[in-house]
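Data block below; observations after.
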Amino acid sequence: MKFTITREQLQEGLAAVAAAIPAKTTLPVLANVLVEASKQGGGLRLSGTDLDIAVSTTVPAEVDADGAVTLPAKKLIDIARELPSGPVRVTAAGEARVSIESGRSKFKLLGLPREEFPSFPAVKFEKAWKAAAGVVHKLVGHVAFAASTEESRPILNGVLWELRPDRMRMVATNGHRLAKMDVPATGGSTADLIVPPKALEQIRRLYAGDAEIELAKSDNHIGFRAGGTLVYSRLIEGPYPNYEQVIPRENDKQATVDKAAMAAALRRMSVVASDQTHRIRLAFAGGNVKFSVQTPDLGEAQDELAVTYEGEPLEIGFNAMYLLEILKYMPTDEVRITFKAPERAATIEPVGWNDPASYMALVMPLRLVD
Amino acid sequence: MSVVARARVQLLAGNVADQIAAGEVVERPASVVKELVENALDAGPQTVRVELEDGGKTLIRVSDDGAGMDREDARLALQRHATSKIRTAADLIGVATFGFRGEALPAIASVSRFELETCGDGDAATRIRVTGGRVESEAESVRQRGTTVTVRGLFYNTPARRKFLRATATETRAAVEALTVLALTRPDVAFALTSDGRGLLDCPPAARLIDRVGALWGAELAETLLAVSHRAGPLEVTGFAQRPAQARPAGRKGYVFVRGRPIRDPFILRAAEAGYRSTIAPGDRPSLLLFLELPGDAVDVNVHPTKLEARFRDKFFVEKVVEEAVREALAPLDSAAPLGGAGFQVSGAWFQTEGSAHAASGIPLDLFGARSLTPDTRHQTPLLQVFETYILFQADQGVAIVDQHSAHERVLYEDVMRQLSGDGAPAQRLLLPLTLDFAPAELDAIEAHRELLARIGYEIEPFSGRSIVVHTAPNPHPRFEAARCLQELVADLAGGRFGGWQNRLERFAATYACRAAIKAGQTLEADEMRQLIVRLLSATLPAHDVHGRPSMVQLPKEELERRFGRT
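Chains as they are written, first to last, in this note's numbering: chain A, 5 to 374; chain B, 2 to 568.
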């Protein structure tokens, strides 16, 4: 193996795969980056994985001799950072060992044989779906936060990605709150994928907004491709719970509120709310919502906000953190909240969003005790 | 009727009356030891020695270096109802000396070959020999200040009683026990006991009670004891209570003293054990050593000839205060076991951060103590999680090590007890109701605990057959797994875990706390650790979990210094 690459290209490639390489691992080879030089491939392929997610990227390099090796990722990144700007020559120097030279700097680095590196899932891109990266970023950015982090229902740890001929949809929930976004699409086909949020984060990080992402799946893996960079991830096995059934259609009370004012009031109430449950009480009536919180052994607080409210007066309890989180992702200054009853789901939607996408969040109330 | 000869009523001869009294007071050698040592202690000695032969059946000798008596007093002392300790009936109220009835010496003398040798200050010594209650001789003798009483051939003239004496080893053990109890009341007096020439007990005078405890039962036991010191109204409770984690099902020591006098009162011990509620494993019995001080008119000790019982004017008040006293002793963080050396105080100020200041409000904070800490160290005491189970941090005087599961269990237990007795826990409605299957016994347990389950946040409805639907769930922490917690909780309830717990609410709370708490092996974020420690420090019994294990151990700085040879 022998190739020459600019220090900047090397750094760029390493930065792309670095995030997929685990900091701590029981399998030593996972701390390494796979370096593959190929004349035919037209450059250098760098890959890293933590066995859940794999990232692989190609950067231009002058390849004199094909070859592959794995090298300690952290050391290679440190070397690339500390080298002066200019061409870097990398040459195989025996079994799983390379020499790295740039100007008058010389390094010899010990690695592990290429055979020890796990192979990537066999995902075929021939029949790939296509999606604009910007659209995917928008979906991920508004939905992934709602996925569950506790491990008892693995399916809820994933984000449901529905591909339909005319639209794409993402849904995530932890059983207490849910986020859902639709965007129109054309020419797609039909598939339901349950993707770990970590993989979606990689996509957001690696692909520029104007890129076109190809995605394809094998039996239990999904692959993403744009430019020279590939992301593979394990898929979570379905079926995803029937979320459509729990999205309320009969909420007959609705409030339109200023997002910033509401968030500020919620934050004020949270100061006195219990650290564990963050329980606050909202009372909607007429043109007003009254916030109140009572925590034994600590104290209480009240606040009030003018809103546009239609419907019978309603008192309802919420976990303030869930509301604040949802408000944070709402893209407009005003939001609409709808209710049915104190023990039924409330929905939150943007008001006047000038976007082809449609977005909604749902949050379950907390039981109120009188 | 005719068979029974009609007898005339007669006054009994003195020695007969004495033998009858002996039946009450002198039961076995141990009671002789008790009576004689009590007399010796009332004489204000520095040292009391006891010699036994053949478990006291052949010889009991008690000598002291106290005030002694002159010949006149010595003669009188052997008469019934002769005492130096009270004069009028009014003196009986609040009597402070051990003896006062004036029965012991004549009673013992009436059933043995008895010898009294005594010497008061500046008097000539006197030796009086009595056999079976009859004075045999009275002579001058030579002795230092003090008194020696020798009892030979106990019950030689009452063969029925003699027959009931137990094996030598048993009688020896009883005598040692009798002396032990008295040694606890007077740590300032040296005690020694030899049996057939072998030293069984040797306690030098001690400045502190705990040193006396160490001399009697070994330093190992003494180190497991926590000081009790509590006052409520006229009643003061002092002494020692064992750390819950070190209590064992057998071999506990339980002693109660009222106004310095040992008494047997199972109710007071039971009240003290009630103070251990929720900190101790069912079946474990903690060692207890309790001294109750209260005004003389609030208690009557003259209930029983051997004075082993006491009657309190307000028994329930006494029991309540004893329970509080024990609970108070278990509350400080240093009631958790230290790793060698003495414990130290972990102050709540250490974990005060702006966001959590209120959480620590349960701890009395030293008003001025916090000034010595710079704000930086105060706000950022580093927390280190090891083995994904323990949290280490530096405290004022050492390193505190917290078990994350035990600590969380304690915190949740106290929360849940509040919720069960108060207005219930907040319950998160579930978007996707959980459907869970249970065994028939478990369904019964759910039915029996439906109300309690609802209060902690589980609203459950029967679904079909063995399934139930859960509509709301508690959400006590972000890692909480509602379905798994419910399954484990119900299995425990059905399986009778914590069955040793008397109180149904407490049993339920402990079971839930155990199942809802974070587990060993979970990696915690820095924030989570901090919050856990803050909440633990504001719990009422932070140092103990609900299974009778410690939630925290301490590695005192002194101990580190000792190990590294820095002292």
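Glycine included, each C-beta is placed from N, C-alpha and C at the ideal position.
From a predicted model like this one, the values you see are computed outputs, not experimental measurements.
Exposed or buried, residue i, counting other C-beta atoms within 10 Å across all chains shown (16 or more means buried)?
| i | result |
| --- | --- |
| residue 495 of chain B | buried |
| residue 1 of chain B | Look at the range of chain B in this structure, 2 to 568, and you will see that residue 1 of chain B is not part of it. |
| residue 284 of chain A | buried |
| residue 465 of chain B | exposed |
| residue 50 of chain B | buried |
| residue 224 of chain A | exposed |
| residue 516 of chain B | buried |
| residue 188 of chain A | exposed |
| residue 21 of chain B | exposed |
| residue 267 of chain B | exposed |
| residue 528 of chain B | exposed |
| residue 437 of chain B | buried |
| residue 250 of chain B | exposed |
| residue 107 of chain B | buried |
| residue 203 of chain B | exposed |
| residue 468 of chain B | exposed |
Could you name the residues of the same chain whose beta carbon sits closer than 7 angstroms to that of residue i, not counting the 5 residues immediately before and after it, in chain order?
| i | result |
| --- | --- |
| residue 46 of chain B | 65, 66, 67, 147 and 190 |
| residue 71 of chain B | 121 and 124 |
| residue 122 of chain A | 53 and 55 |
| residue 141 of chain A | 208 and 213 |
| residue 315 of chain A | 256, 257 and 258 |
| residue 502 of chain B | 283, 508 and 511 |
Might you give, ordered along the chain, the residues of its own chain that have their beta carbon closer than 6 angstroms to the beta carbon of residue i, omitting 5 neighbours on each side?
| i | result |
| --- | --- |
| residue 228 of chain A | 207, 217, 219 and 235 |
| residue 301 of chain B | 312 |
| residue 139 of chain B | 129 |
| residue 378 of chain A | With chain A represented from 5 up to 374, any question about residue 378 of chain A goes unanswered, as that position is not in the structure. |
DSSP beta-bridge partners for residue i?
| i | result |
| --- | --- |
| residue 568 of chain B | According to DSSP, which records beta bridges pairwise, residue 568 of chain B is partnered with nothing at all. |
| residue 438 of chain B | B:468 |
| residue 393 of chain B | B:385 and B:402 |
| residue 134 of chain A | A:218 |
| residue 236 of chain A | A:58 and A:227 |
| residue 260 of chain A | A:312 and A:340 |
| residue 145 of chain B | Per DSSP, none; premise fails for residue 145 of chain B. |
| residue 36 of chain A | A:76 |
| residue 364 of chain A | A:184 |
So, does the CB of residue i fall closer than 8 angstroms to a CB anywhere in chain B?
| i | result |
| --- | --- |
| residue 250 of chain A | yes |
| residue 36 of chain A | no |
| residue 62 of chain A | no |
| residue 26 of chain A | no |
| residue 182 of chain A | yes |
| residue 3 of chain A | A query on residue 3 of chain A cannot be resolved here, the shown segment of chain A reaching from 5 to 374 and no further. |
| residue 300 of chain A | yes |
| residue 177 of chain A | yes |
| residue 7 of chain A | no |
Skipping 5 residues on each side, what residues in its chain have a beta carbon closer than 8 angstroms to that of residue i?
| i | result |
| --- | --- |
| residue 202 of chain A | 56, 57 and 237 |
| residue 133 of chain A | 167, 192, 193, 195, 218, 219 and 220 |
| residue 281 of chain A | 323 and 370 |
Do we get a CB-CB distance below 8 angstroms when we pair residue i with the residues of chain A?
| i | result |
| --- | --- |
| residue 431 of chain B | yes |
| residue 428 of chain B | yes |
Please determine whether the Cβ atom of residue i lies at a distance below 7 angstroms from any heavy atom of the ligand ZN.
| i | result |
| --- | --- |
| residue 535 of chain B | Only the bare structure without any ligand can be found here, which leaves the ligand ZN out of the picture. |
Mind pulling the chain D residues with CB within less than 7 angstroms of residue i?
| i | result |
| --- | --- |
| residue 245 of chain A | This model lacks chain D altogether; the protein chains it does include are A and B. |
Exercise for the section: Please name the residues in the stretch 260-292 of chain A whose beta-carbon is closer than 7 angstroms to at least one beta-carbon of chain B, in chain order. Expected result: 279, 280, 281 and 283
Exercise for the section: With 8 angstroms as the limit, tell me which residues of the stretch 454-485 of chain B have their beta carbon closer than that to any beta carbon of chain A; keep them in chain order. Expected result: 458, 460, 473, 476, 477, 478, 479, 480, 481, 482, 483, 484 and 485
Handout entry: Proximal residues, the stretch 342-371 of chain A versus chain B, C-beta separation under 9 angstroms
Key = 347, 348, 349, 366, 367, 368, 369, 370 and 371
Exercise for the section: Identify each residue in the stretch 405-424 of chain B for which the Cβ-Cβ distance to at least one residue of chain A is less than 9 angstroms, and report them in chain order. Expected result: 416, 419, 423 and 424
Practice task
Compile a chain-ordered list of the residues in the stretch 190-202 of chain B whose CB is closer than 9 angstroms to at least one CB of chain A.
Solution key: none
Exercise for the section: Scan the stretch 136-165 of chain A for residues whose Cβ lies nearer than 9 angstroms to a Cβ of chain B and list them as they occur along the chain. Expected result: 153, 154, 155, 156, 157 and 160
Handout entry: Interface positions of the stretch 524-552 of chain B facing chain A (Cβ-Cβ less than 7 angstroms), listed along the chain
Key = 532
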